[in-house]
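Scroll down for the structure; my scribbles are underneath it.
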Amino acid sequence: MREVMQRTAGAGGALAACVLSLVELGWDGTPGDDAPLARWQEWLAERNLRLVETAQLPASGFWIAAVERDGAPHHVVMFGAPPDVVHDPAGRVPLGDPRRALVLVPLDPALPAGRLPGGVGARGTVEGVYLAAAAEARCVAVETAEAVAGRGLRGDRYFDRRGTFGGPGATGHELTLIEQEALEELAAAAGVALDPADARRNVVTRGIDLNALAGRRFLIGDVEIAGRRWCEPCAHLERLTTPGVLRGLVHRGGLRADILRGGTIARGDPVLPLPTDR
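Each position in the sequence shown, counted from 1, maps to that position plus 43 in our numbering.
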């Protein structure tokens, strides 16, 4: 475990420091100690993790305890059976008894959790660009779209915050992508033919592993993108399309992303991973 100290006072700063201690990462590239828990959950989802509260104290392993310090809420890392404090991000005592426990659990037990995956392979290509003017409106193919940093694609429902999902402080709703190969596999393996427009993603790619771009920066043409997390299929997508879509696109539903540097995204543009030291 890496001992990360909290940078600001308060239970939120202590909780963030405890989470970083367990995943053994520093503060760089994180939501920050003042970010709401929902944003931290998004960040953890990029690593196939989620922070959950449990009424029963864990029998072993590392976990986070909600305690009191000087009469105020606080968080520390615990370990052992019976457990004891192994890291206090404030570096101070005394502490009260644990009031509840929080544990990091994998979103999918069959997949690796914790650190981001290794390097991304070959570059890909944009096969299609799609916009929907309003929530649940049909996606329409376009040759080009203007990508605006911090907003999305001009003309798309999420550009004006009119999409079905998202909210204040949410990330990963400015741009969505899916692999053409995933749609072809859906048809071949599950017998479900899904038109690229009906996948309800903004960009359809070919030749690149979008899952590996979660938590990483990449280029579409000259537009710089930050991959946030997998865009898993949901009941909403299946309701708007056809039965079998949800099950058939599990872990192949694409990528949620945000736009860091704007420009134009066009059909035929290259999709190129950027170097990373993470």
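From the three backbone atoms N, C-alpha and C, an ideal C-beta is built for every residue, glycine too.
Note that the coordinates shown come from a computational prediction; the quantities given were computed from them, not determined experimentally.
Strand pairing of residue i, partner residues [DSSP]
i	result
F261	I268, P316
V185	V172
H294	Paired residues: none, contrary to the question.
R249	T168
V191	G195
T219	R299
A178	Bridge partners of A178: none, in fact.
A153	Looking at the DSSP assignment, A153 forms no beta bridge with any residue, so it has no partner.
A309	T187
Three-state secondary structure assigned by DSSP to residue i
i	result
V129	strand
V146	strand
E275	coil
I302	strand
C236	According to the sequence displayed, residue 236 carries Ala and not Cys. It is coil, neither helix nor strand.
A324	Residue 324 is absent from the model: the chain starts at 44 and stops at 321.
A225	helix
D203	coil
A213	coil
R45	coil
R243	coil
Close beta carbons around residue i, own chain, < 6 angstroms, minus the five adjacent residues each side
i	result
A59	D76
W106	M121, A144, V146
E281	V288, L289
A233	G287, G291
D131	V119
Chain-order list of residues whose beta-carbon lies under 8 angstroms from that of residue i (same chain, five-residue window excluded)
i	result
E170	Q223, P239, V247, T248, R249, R310
A54	A109, A115, P116, H117, H118
Close beta carbons around residue i, own chain, < 7 angstroms, minus the five adjacent residues each side
i	result
R331	No information on residue 331 is available, as it lies outside the stretch 44 to 321 that the chain covers here.
Below 8 angstroms, how does it come out for the stretch 259-272 and the stretch 46-65: are there three or more Cβ pairs, yes or no?
no
Which residue spans inside the stretch 47-129 form an unbroken beta strand (DSSP E) run of at least 3?
92-97, 106-112, 115-123
Touching by the beta-carbon criterion (3+ pairs, under 8 angstroms), the stretch 81-98 and the stretch 266-278
yes
With a threshold of 8 angstroms, are at least 3 pairs of Cβ atoms found where one atom belongs to the stretch 224-237 and the other to the stretch 287-295?
yes
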